[in-house]
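Below: one structure, written as structure tokens.
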Amino acid sequence: GDSVTQMEGPVTLSEEAFLTINCTYTATGYPSLFWYVQYPGEGLQLLLKATKADDKGSNKGFEATYRKETTSFHLEKGSVQVSDSAVYFCALSDTGSARQLTFGSGTQLTVLP
Amino acid sequence: DTGVSQNPRHKITKRGQNVTFRCDPISEHNRLYWYRQTLGQGPEFLTYFQNEAQLEKSRLLSDRFSAERPKGSFSTLEIQRTEQGDSAMYLCASSPVVNEQFFGPGTRLTVL
Chain A
5 GDSVTQMEGP VTLSEEAFLT INCTYTATGY PSLFWYVQYP GEGLQLLLKA
55 TKADDKGSNK GFEATYRKET TSFHLEKGSV QVSDSAVYFC ALSDTGSARQ
105 LTFGSGTQLT VLP
Chain B
42 DTGVSQNPRH KITKRGQNVT FRCDPISEHN RLYWYRQTLG QGPEFLTYFQ
92 NEAQLEKSRL LSDRFSAERP KGSFSTLEIQ RTEQGDSAMY LCASSPVVNE
142 QFFGPGTRLT VL
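Which chain is which? The protein sequence lines are A and B, in order. My numbering runs 4 ahead of the 1-based position in the first sequence. My numbering runs 41 ahead of the 1-based position in the second sequence.
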């Protein structure tokens, strides 16, 4: 079945540092790929998505590129802020009619001032 | 606020009791999903509705779990004879189209 493997956390960075959170997937067909973010005490929010190979999703300074050849969708940000502290989830949606999401286990990011 | 709402936000129950959670999706979203999230893990898919029809159910959804979406609006998730292993956050998401799910805040269930 489909699966998503995320870089294990927690990750602690200083403000303005470069962020990479690795994500690889296993799926049949051509899934869509997502990054969701969960801020403390809040629900899951869609951060960015990519629906086909070589697409780049971007939002709030975060970027991720759909790499079919390496089955990866790594999240990057050039300069993190304290407000980026949250749990980040990589996910894919299958190509069936339901399009349910399969999530990775999440990566806790803490940014220190 | 026109986001997805879930009630209650927290539920504490004793083992063996039945519980019911409610999800109100964003108006006119015809796709509705339930997920379960345990501590330190990502959400896991439970079931999917398109309008009032339940079209997909995960193997995680044992026969103690039942979900409904009468009239294609709100949805309920009932767990009968709760077990300690049912303790988790239950998340609802709705979607107007594929590839765009909006999540509610979740209902945290604790089974004592």
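Just so it is clear, CB atoms sit at the ideal spot from N, CA and C, and this is done for glycine as well. Since we're looking at a predicted model, the values are computed, not measured.
**Message:** Rounded to whole angstroms, what is the Cα-Cα separation between Thr123(B) and Pro117(A)?
**Reply:** Reading the second sequence from its first residue, position 82 is the one you call residue 123(B). Reading the first sequence from its first residue, position 113 is the one you call residue 117(A). Near 44 Å, if we compare the C-alpha coordinates of Pro117(A) and Thr123(B).
**Asked** Quick one: which chain A residues come within Cβ less than 7 Å of Tyr74(B)?
**Response** Residue numbering aside, residue 74(B) sits at position 33 when the second sequence is read from its first letter. Simply Gln104.
**Asked** What's the gap between the Cα of Asn59(B) and the Cα of Ala108(B)?
**Response** Here residue 59(B) refers to the residue found at position 18 when the second sequence is read from its first residue. Here residue 108(B) refers to the residue found at position 67 when the second sequence is read from its first residue. Roughly 13 Å between the two C-alpha positions.
**Prompt:** In whole angstroms, what is the alpha-carbon distance linking Val86(A) and Thr114(A)?
**Reply:** Indexing the first sequence from 1 puts residue 86(A) at position 82. Indexing the first sequence from 1 puts residue 114(A) at position 110. Rounded to the nearest angstrom, the two C-alpha atoms are 7 Å apart.
**Request:** Name the residue from Gly108(A), Ser109(A) and Gln104(A) whose alpha carbon lies nearest to the alpha carbon of Thr88(B).
**Result:** Stepping through the second sequence from its first residue, residue 88(B) is reached at position 47. Looking at the Cα atoms, Gln104(A) is the closest of the given residues.
**Request:** Given a cut-off of 8 Å, decide if Ser36(A) and Asn140(B) are closer than it, judged by their beta-carbon atoms.
**Result:** By one-based count along the second sequence, residue 140(B) stands at place 99. By one-based count along the first sequence, residue 36(A) stands at place 32. Taking 8 Å as the cut-off, the beta carbon of Asn140(B) is found closer than this to the beta carbon of Ser36(A).
**Message:** Ignoring anything shorter than 4 residues, give me the alpha helix (DSSP H) runs that lie fully in the region 52-106 of chain A, in order along the chain.
**Reply:** The DSSP assignment places no complete run of the alpha helix (DSSP H) inside the region 52-106 of chain A (cut-off: 4 residues).
**Asked** Is the CB of Gln109(A) under 8 Å away from at least one CB in chain B?
**Response** Translated into the one-based positions of the first sequence, residue 109(A) becomes position 105. A quick correction: the sequence has Ser, not Gln, at residue 109(A). Yes - at least one Cβ of chain B is within 8 Å of the one on Ser109(A).
**Message:** On a Cα-Cα basis, can you pick out the residue from Thr111(A), Leu96(A) and Gly61(A) that is closest to Gln142(B)?
**Reply:** The count along the second sequence starts at 1 and reaches residue 142(B) at position 101. Taking the Cα of Gln142(B) as reference, the smallest distance to any Cα among Thr111(A), Leu96(A) and Gly61(A) is reached at Leu96(A).
**Prompt:** Skipping 5 residues on each side, what residues in its chain have a beta carbon closer than 6 Å to that of Phe106(B)?
**Reply:** In the second sequence, the residue the question calls residue 106(B) occupies position 65. Answer for Phe106(B): Ile120, listed in chain order.
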